[in-house]
Structure formats: C-alpha cells, structure tokens
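Engineer: Structure below; questions to follow.
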Amino acid sequence: MHDPAVRSLLDMFARIAATMEAERDHLSDLDGAIGDADHGMTMALGFRAVVVALGRLDAASAKPADVFRTAAGAFLDAVGASTGPLYANGFLRAAQRLDGCDGLDCASAATLLDAMAAGIAQRGKGSRGEKTMLDVWLPAAEAAQHALADRPDRFWTIVLDAAERGAAATRSMVAVRGRAARVGERSIGHIDPGAVSALMIIRAMAESFKP
Amino acid sequence: MQRFINNPDEVVEDTVKGFVKAHADLVRLSAANRRVVVSTAAPVKGKVGVVTGGGSGHEPAFIGYTGRAMLDAVAVGELFSSPTAKSFHDAIKEANGGAGVICLYGNYAGDNMNVKMATKLAAKDGIEVATVVANDDVCSAGPDERDRRRGVAGEIFMWKIGGAKAATGASLEEVRVTAQKAIDNCRSIGVGLAPCTLPAVGHPNFQIEAGTMEVGIGHHGEPGIRVEPLKTAAEIARDMCQIVLDDHGLAEGTEVAVLLSGLGATPLNELYILNDTVEAEIADRGLKVHRSLVGNYFTSLEMVGASLTVMALDDELKTLLDAEASCPAMP
Numbered sequence: 002m003h004d005p006a007v008r009s010l011l012d013m014f015a016r017i018a019a020t021m022e023a024e025r026d027h028l029s030d031l032d033g034a035i036g037d038a039d040h041g042m043t044m045a046l047g048f049r050a051v052v053v054a055l056g057r058l059d060a061a062s063a064k065p066a067d068v069f070r071t072a073a074g075a076f077l078d079a080v081g082a083s084t085g086p087l088y089a090n091g092f093l094r095a096a097q098r099l100d101g102c103d104g105l106d107c108a109s110a111a112t113l114l115d116a117m118a119a120g121i122a123q124r125g126k127g128s129r130g131e132k133t134m135l136d137v138w139l140p141a142a143e144a145a146q147h148a149l150a151d152r153p154d155r156f157w158t159i160v161l162d163a164a165e166r167g168a169a170a171t172r173s174m175v176a177v178r179g180r181a182a183r184v185g186e187r188s189i190g191h192i193d194p195g196a197v198s199a200l201m202i203i204r205a206m207a208e209s210f211k212p
Numbered sequence: 178m179q180r181f182i183n184n185p186d187e188v189v190e191d192t193v194k195g196f197v198k199a200h201a202d203l204v205r206l207s208a209a210n211r212r213v214v215v216s217t218a219a220p221v222k223g224k225v226g227v228v229t230g231g232g233s234g235h236e237p238a239f240i241g242y243t244g245r246a247m248l249d250a251v252a253v254g255e256l257f258s259s260p261t262a263k264s265f266h267d268a269i270k271e272a273n274g275g276a277g278v279i280c281l282y283g284n285y286a287g288d289n290m291n292v293k294m295a296t297k298l299a300a301k302d303g304i305e306v307a308t309v310v311a312n313d314d315v316c317s318a319g320p321d322e323r324d325r326r327r328g329v330a331g332e333i334f335m336w337k338i339g340g341a342k343a344a345t346g347a348s349l350e351e352v353r354v355t356a357q358k359a360i361d362n363c364r365s366i367g368v369g370l371a372p373c374t375l376p377a378v379g380h381p382n383f384q385i386e387a388g389t390m391e392v393g394i395g396h397h398g399e400p401g402i403r404v405e406p407l408k409t410a411a412e413i414a415r416d417m418c419q420i421v422l423d424d425h426g427l428a429e430g431t432e433v434a435v436l437l438s439g440l441g442a443t444p445l446n447e448l449y450i451l452n453d454t455v456e457a458e459i460a461d462r463g464l465k466v467h468r469s470l471v472g473n474y475f476t477s478l479e480m481v482g483a484s485l486t487v488m489a490l491d492d493e494l495k496t497l498l499d500a501e502a503s504c505p506a507m508p
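Sequence order for the protein chains is Z and W. If you want our numbering, it's the 1-based position in the first sequence plus 1. If you want our numbering, it's the 1-based position in the second sequence plus 177.
Okay, here's the thing in structure tokens:
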C-alpha cells in the first residue's frame with residue numbers, strides 16, 4: 002500500500018534524474034563558460050545515486066520524509082564540491098519539514114520549496130542576486146507562498162514563472178559566490194548553470210505534483 | 178596542449194591508481210573508498226590522526242603528503258573540486274587511532290561544507306574531530322578579514338607541523354593549537370604567467386595575456402590584486418617578498434622557513450632564479466632563513482607561475498619542522 006505522496010516523490014526524483022542525464026552536456030557547456038564544466042556530470046551523478054538509493058527504500062511503508070532523508074544521504078555520498086552539501090541540506094530540511102506529513106497538496110509543495118530554499122541558503126550562507134541556484138529557489142519559494150494565499154488554482158504556473166525569471170535574471174548578474182566568482186565581471190552575460198539545473202528540478206516537481 | 182590522459186573524466190581515478198603504485202611503501206588506497214589515500218602506517222593506536230583533503234590537480238598536494246609523521250589519510254576530490262563529505266568521513270575513520278582526528282584543510286566554500294558534514298558524521302561514530310582551516314593566501318582578502326583568505330601552499334607547513342606534533346603523542350587539543358600556530362605564522366602569494374586548463378573543459382577558464390602577469394593569483398586561477406607587464410625574475414621576487422613580508426610584519430632576527438613552489442609548468446631552474454632574490458630580500462629585512470624548500474610542492478595543473486610561502490618560526494615550530502618524517506612529496 003503506497004502512500005500516494007511517496008509515489009509522487011519517487012516519480013519526481015526519477016524525472017529529475019532523467020532530465021539531468023539528458024541535459025548533462027548542456028549543463029556542462031553552460032558551466033564551461035564560467036566554471037569548470039562539470040555541473041552536468043555532477044548533477045547526473047548525484048541524482049542517479051538518489052534513484053538507486055530510493056530503489057532500495059521500502060516504498061510500501063515509507064513516508065515523504067523518508068524519501069528526502071534517503072535522497073540527502075545518497076546525494077551527499079555521491080557529490081563533493083559545494084553542490085553536494087547544498088542539495089543534501091535542502092533535502093534534509095525538506096525531510097524535517099515533511100515529517101508526519103502524508104499527502105502532498107499545494108500547501109506541502111509550498112513547504113517543500115521553502116525548505117529546499119532555506120536548506121540551501123543556510124548551508125551556503127548565500128542570498129539572492131549572487132548568480133547561484135538560490136536565484137531560482139528563493140523566488141520560487143516566495144511565489145509559492147503568494148500563490149497559495151491568492152491563486153492556489155494557478156499554483157504551479159506562478160511558481161514556474163518565478164523560477165524561470167529567476168534563472169534568466171542570473172545572466173546579467175556578477176558571480177560573487179561559488180566557482181564562477183573567480184571570473185567576476187566576466188560572468189556577466191552567462192546564465193548560471195546551477196540556476197538552470199534548479200529550474201529543471203522545479204519543473205520536474207511541477208510535473209509530478211500536478212493533479 | 179598535448180596531454181598524457183586516457184579519458185578526461187577519469188583523470189583523478191587514473192592519477193590516484195598510479196600514485197599508490199609508485200609509493201606502495203608509504204601509501205595505500207582505502208579499501209572502503211577509492212577516493213581516500215591512507216598511510217601504510219595508519220591508524221596509529223593512541224596517536225591523533227591527521228587528515229586533509231582537497232581537489233585534485235594540485236599534485237603532489239594533497240595525496241603526496243601522506244606518510245609517517247605526516248598525514249594519515251587524505252580525501253581526494255575531483256579536479257579543483259572539494260572531496261565529498263563521505264570521503265572526508267572515510268579519511269577520518271581510516272586515520273582514527275582512538276585519540277581523535279585533526280582535519281587540516283584549506284579555506285574554500287566546498288571544503289568547509291564537506292568537512293563540517295563529515296565532522297558531524299564522525300561524531301556519530303564516536304570520533305572526536307578538530308579542524309584547522311588554512312588561510313595563508315595574502316591577496317585573497319585584506320588583513321582585516323583574514324578569515325576570508327584562501328588556503329594555499331602554507332598548508333604544507335601546517336601538515337608537516339601538525340603531523341610531527343601528533344607523532345610526539347600530543348593530545349588532539351595540543352595538535353590543534355600547534356597546527357593553528359603554524360598556519361597563523363604562514364603568509365603566501367602566487368604569481369601567474371599563463372593559465373591552466375581542466376582536461377574535460379578543453380580551454381582555460383581564465384586568461385593571462387601574453388606579456389603580462391597576474392600578481393596574487395589563486396590556486397585555481399582566482400584573480401589577484403593586479404595584472405601588470407611581465408618583469409624580471411628579481412623584480413617579481415622582490416614584489417612577492419614585499420607583499421608577503423609587509424603583511425607578516427616580522428621582528429628583525431626572526432627565523433623563517435621558505436617554500437617556493439612552481440604552479441605546474443614552470444621549470445625548476447626558474448624557481449631557483451626566483452629563490453636567489455627571495456633569500457636575499459629576506460636577509461635584507463633582517464630575517465634568517467632556517468630552511469627553504471624549492472620545487473613543485475603544490476601545483477595547479479599546468480599553470481605557469483610560482484607561489485612563495487614564508488613561515489615565521491619559534492623553537493617549537495623549528496623542532497617540529499626538522500623532525501623526521503617521510504612522504505612521497507618530501508623525500
């Protein structure tokens with residue numbers, strides 16, 4: 002007897018892993034312009050490890066929090082650099098916030114986005130405008146809160162719109178954090194690969210959560 | 178540039194495999210983790226374990242400093258990229274002789290995060306872990322924000338001193354205090370003449386125009402404090418000494434250890450040319466060189482350039498620096 006929320010989350014991680022695999026070279030090319038060209042490989046490796054670990058999870062008795070806890074451990078073991086701890090902490094925070102939660106409605110999706118953004122921001126001590134994945138996660142999490150209050154019927158449209166605008170906005174930013182910070186001003190004009198992969202994750206989330 | 182590689186994605190794997198074969202008397206690969214190199218003597222029961230870790234591409238750092246009275250275990254990252262928290266955690270476990278483990282690493286965002294998580298994981302195993310974070314790169318932040326400075330070749334002195342202190346049977350806290358003193362007494366500067374390229378990228382991700390040099394460049398090509406026309410070796414050596422020693426502010430008569438490392442593609446003879454002026458400058462300031470190391474000790478793939486590290490010595494640091502040790506990078 003599967004928890005339907007768990008089924009959605011397993012589907013979500015499978016979608017993310019497939020996307021990262023498919024976009025691996027694209028993400029690495031984006032990274033090559035301002036970083037060390039390994040972002041596609043890193044994300045594909047990390048989410049492949051997550052899917053393998055989730056395959057061993059007892060889905061029949063698992064709760065949403067267990068899915069995220071497993072994902073956090075697998076991602077952390079597979080990925081170094083900054084990306085490993087950042088996403089692992091996001092997933093851990095999500096697990097804490099989803100503890101005791103069964104279904105996954107818009108309210109829990111908003112909670113999830115908020116937890117991811119907070120976990121990543123806490124671990125990386127980052128904020129908006131620094132040309133990182135947070136330029137997608139933070140506006141998406143904020144938009145989710147507004148959508149929940151004002152237009153729950155258009156929840157994912159509003160969240161995705163904010164995430165897309167966030168990713169696009171990194172193009173004109175100067176990197177001040179992470180690997181791209183070393184090229185400074187020269188990072189202007191290049192979209193941040195971490196922001197692009199964050200957008201891909203949120204898109205997969207939307208696909209899996211949409212009723 | 179033509180390279181000896183098999184597959185750009187397997188550079189680290191192949192490097193580590195060849196390394197442990199070359200130095201089988203001193204190091205082995207961890208059975209639990211192919212990204213952890215361990216001293217054949219580790220763990221030493223009752224001794225504080227000494228661990229570091231960092232991105233690859235800096236050979237002989239970090240793995241080359243694994244050995245006796247040096248590092249017990251080293252976590253290996255991808256090229257220029259922090260090792261995973263799991264690798265740091267496994268290195269800590271391999272080094273654990275029951276007296277706690279000290280992790281001596283450099284100040285980079287990824288390493289800070291992964292070490293912090295590894296420390297928490299080790300605590301769950303009942304292993305006490307202390308850390309010292311190297312921040313010897315003078316040009317990476319101003320003197321009033323030293324905690325933001327990156328760690329560079331001064332880490333080698335930190336490892337040597339920390340490893341020697343641990344070998345005396347000192348406690349974890351004693352090793353921490355001494356290793357901290359070692360890195361606090363280090364100042365470093367890098368000068369880059371030509372950039373390096375990650376094999377999987379295929380083009381340099383920073384530029385140094387022909388005829389110019391970047392003063393204060395970081396170990397991964399992080400921008401320095403100024404780009405200027407290439408000068409003579411003597412002028413460059415004097416500039417490097419000035420930046421390092423002005424930041425140091427050492428009293429006349431202080432004894433120092435000097436480490437002049439190539440960044441990968443600078444020939445050894447040019448390092449000796451630099452060293453000639455470096456030692457003269459140091460003497461001019463009334464300082465005494467107790468020991469100097471000149472060679473490729475901490476590189477950045479095939480970057481052309483050099484780094485200078487000056488460590489101020491007291492009696493304890495001098496004794497520990499001179500204490501017997503063996504590792505592949507310091508025969």
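Glycine is no exception: its CB is placed at the ideal position from the N, C-alpha and C atoms.
For I35(Z), would you say it is in contact with chain W, using Cβ-to-Cβ distances shorter than 9 Å as the test?
Structural biologist: Taking the first sequence and counting its residues from 1, one reaches residue 35(Z) at position 34. With 9 Å as the cut-off, I35(Z) counts as an interface residue toward chain W.
Engineer: Check the Cβ of N312(W) against every Cβ in chain Z and list those closer than 7 Å, keeping chain order.
Structural biologist: As a position in the second sequence, residue 312(W) is number 135, starting the count at 1. Neighbours of N312(W) on chain Z: none; closest Cβ ~17 Å, over 7 Å.
Engineer: Quick one: is D492(W) buried, meaning 16 or more other Cβ sit within 10 Å of its Cβ, or exposed?
Structural biologist: Residue 492(W) sits at position 315 when you count from the first residue of the second sequence. With fewer than 16 Cβ atoms within 10 Å of its Cβ, D492(W) is classed as exposed.
Engineer: When the Cα atoms are used, what is the spatial distance from E271(W) to G104(Z)?
Structural biologist: For the purposes of this step, residue 271(W) is taken as the residue at position 94 of the second sequence. For the purposes of this step, residue 104(Z) is taken as the residue at position 103 of the first sequence. Between E271(W) and G104(Z), the C-alpha separation is close to 43 Å.
Engineer: Does the distance from the CB of F383(W) to the CB of A238(W) come in under 9 Å?
Structural biologist: Along the second sequence, one-based indexing puts residue 383(W) at 206. Along the second sequence, one-based indexing puts residue 238(W) at 61. No, Cβ-Cβ distance for F383(W) and A238(W) is not below 9 Å.
Engineer: List the residues of chain W whose Cβ lies closer than 7 Å to the Cβ of A38(Z), in chain order.
Structural biologist: Locating residue 38(Z) in the first sequence gives position 37, where the first residue counts as 1. Residues of chain W passing the Cβ test: L375, A377, V378.
Engineer: Listed in chain order, which residues of the segment 251 to 282 of chain W have Cβ atoms closer than 8 Å to some Cβ of chain Z?
Structural biologist: The residues in question are G254, E255, L256, F257, S258, S259, P260, T261, A262, K263, S264.
Engineer: How would you call N210(W), buried or exposed, if buried means at least 16 neighbouring beta carbons within 10 angstroms?
Structural biologist: Translated into the one-based positions of the second sequence, residue 210(W) becomes position 33. Buried, by the Cβ-count rule.
Engineer: Can you tell me the Cα-Cα spacing of F156(Z) and S209(Z), whole angstroms?
Structural biologist: Position 155 of the first sequence holds residue 156(Z). Position 208 of the first sequence holds residue 209(Z). The alpha-carbon atoms of F156(Z) and S209(Z) are separated by roughly 14 Å.
Engineer: Helix, strand or coil for M201(Z), going by three-state DSSP, please let me know.
Structural biologist: In the first sequence, residue 201(Z) corresponds to position 200, counting from 1. Note: M201(Z) maps to helix in three-state DSSP.
Engineer: Spell out the partners DSSP gives C160(W) in its beta bridges.
Structural biologist: Chain W is shown from 178 up to 508; residue 160(W) falls before or after that span and cannot be answered.
Engineer: Helix or strand or just coil, what does DSSP make of S207(W)?
Structural biologist: Residue 207(W) sits at position 30 when you count from the first residue of the second sequence. Looking at S207(W) - three-state DSSP - the assignment turns out to be coil, as it is neither helix nor strand.
Engineer: Report yes or no: is there a C-beta of chain Z within less than 9 Å of the C-beta of K301(W)?
Structural biologist: For the purposes of this step, residue 301(W) is taken as the residue at position 124 of the second sequence. No - not a single Cβ of chain Z is within 9 Å of the one on K301(W).
Engineer: Do the segment 122 to 139 of chain Z and the segment 195 to 211 of chain Z meet, that is, are 3 or more Cβ pairs less than 8 Å apart?
Structural biologist: Segments in contact, yes.
Engineer: Please list the partners that G398(W) has in chain Z, where partner means a Cβ-to-Cβ separation under 7 Å.
Structural biologist: Mapped onto the second sequence, residue 398(W) falls at position 221. Simply R183.
Engineer: Out of curiosity, what's the CA-to-CA distance linking A95(Z) and G232(W)?
Structural biologist: Translated into the one-based positions of the first sequence, residue 95(Z) becomes position 94. Translated into the one-based positions of the second sequence, residue 232(W) becomes position 55. Spanning the two alpha carbons is a distance of roughly 29 Å.
Engineer: Could you have a look at I134(Z) and say whether DSSP puts it in helix, strand or coil?
Structural biologist: As a working note, residue 134(Z) is residue 133 in the first sequence. What sits at residue 134(Z) in the sequence shown is Met, not Ile. M134(Z) falls in the coil class under three-state DSSP.
Engineer: Assuming G230(W) contacts S264(W) (C-beta within less than 8 Å), just tell me the rounded distance between them.
Structural biologist: If you number the second sequence from 1, residue 230(W) lands on position 53. If you number the second sequence from 1, residue 264(W) lands on position 87. With 8 Å as the limit, G230(W) and S264(W) qualify as a contact, their Cβ atoms being about 6 Å apart.
Engineer: Is it true that the CB of G439(W) sits closer than 9 Å to the CB of L464(W)?
Structural biologist: Here the question's residue 464(W) lines up with position 287 in the second sequence. Here the question's residue 439(W) lines up with position 262 in the second sequence. Not closer than 9 Å, so no.
Engineer: Does chain W have any CB closer than 9 Å to the CB of R178(Z)?
Structural biologist: Numbered from its first residue, the first sequence carries residue 178(Z) at position 177. Judged by the 9 Å Cβ criterion, R178(Z) is in contact with chain W.
Engineer: Since L11(Z) contacts V68(Z) with CB under 8 Å, what's their CB separation in whole angstroms?
Structural biologist: Sequence index remark: in the first sequence, residue 11(Z) carries index 10 (1-based). Sequence index remark: in the first sequence, residue 68(Z) carries index 67 (1-based). Confirmed, Cβ separation roughly 7 Å.
Engineer: Taking T43(Z) as the reference, give the member of D59(Z), A15(Z), D78(Z) with the closest Cα.
Structural biologist: Counted from its first residue, the first sequence places residue 43(Z) at position 42. Checking every option, the nearest Cα to that of T43(Z) belongs to D78(Z).
Engineer: Could you give the DSSP three-state label for V329(W): helix, strand or coil?
Structural biologist: Walking along the second sequence from the start, residue 329(W) turns up at place 152. Coil at V329(W), not helix or strand.
Engineer: Under 9 Å, Cβ to Cβ, is there at least one residue of chain W near M42(Z)?
Structural biologist: For the purposes of this step, residue 42(Z) is taken as the residue at position 41 of the first sequence. Yes, contact with chain W.
Engineer: Looking at the unbroken alpha helix (DSSP H) that takes in M290(W), where does it start and where does it end?
Structural biologist: In the second sequence, the residue the question calls residue 290(W) occupies position 113. First-last of the alpha helix (DSSP H) with M290(W): 286 to 301.
Engineer: Kindly list, in the order they appear in chain W, the residues whose Cβ is closer than 8 Å to that of G81(Z).
Structural biologist: To locate residue 81(Z), count along the first sequence from 1; it is residue 80. Under the 8 Å cutoff, chain W gives G254, E255, S258, S259, P260, T261, A262, S264, G287, N291.
Engineer: Can you tell me which residues form a DSSP beta bridge with V214(W)?
Structural biologist: In the second sequence, counting from the first residue as 1, residue 214(W) sits at position 37. Paired residue(s): L206(W), V251(W).
Engineer: My output table needs one value for P220(W): the three-state DSSP class, helix, strand or coil.
Structural biologist: Position 43 of the second sequence, counted from the first residue, corresponds to residue 220(W). It is coil, neither helix nor strand.
Engineer: On the premise that M417(W) lies in contact with L485(W), defined as a C-beta separation below 8 Å, what is that separation, rounded to the nearest angstrom?
Structural biologist: Here residue 485(W) corresponds to residue number 308 of the second sequence, with the count starting at 1. Here residue 417(W) corresponds to residue number 240 of the second sequence, with the count starting at 1. Confirmed, about 5 Å.
Engineer: Along the alpha helix (DSSP H) that carries V188(W), what are the first and last residues, could you check?
Structural biologist: For this step, residue 188(W) is matched to residue 11 along the second sequence. Where V188(W) is concerned, the enclosing alpha helix (DSSP H) stretches over 188 to 199.
Engineer: According to DSSP, is D12(Z) helix, strand or coil?
Structural biologist: Taking the first sequence and counting its residues from 1, the one referred to as residue 12(Z) is at position 11. Looking at D12(Z) - three-state DSSP - the assignment turns out to be helix.
Engineer: If you run the structure through DSSP and keep just helix, strand and coil, what is D314(W)?
Structural biologist: As a working note, residue 314(W) is residue 137 in the second sequence. Looking at D314(W) - three-state DSSP - the assignment turns out to be strand.
Engineer: Cβ of M201(Z) versus every heavy atom of the ligand ATP: is any distance shorter than 8 Å?
Structural biologist: For the structure depicted, the ligand ATP is absent and the ligand set is empty, with no information on it obtainable.
Engineer: Which two residues bound the contiguous beta strand (DSSP E) that contains R70(Z)?
Structural biologist: By one-based count along the first sequence, residue 70(Z) stands at place 69. Run containing R70(Z): none in the beta strand (DSSP E); it sits in the alpha helix (DSSP H), 65 to 79.
Engineer: Are the CB atoms of A250(W) and T243(W) nearer to each other than 9 Å?
Structural biologist: Within the second sequence, numbered from 1, the residue matching residue 250(W) stands at position 73. Within the second sequence, numbered from 1, the residue matching residue 243(W) stands at position 66. Closer than 9 Å, so yes.
Engineer: When Cβ atoms are compared, which residues of the segment 13 to 28 of chain Z fall closer than 9 Å to chain W?
Structural biologist: Residues passing the 9 Å Cβ filter: none.
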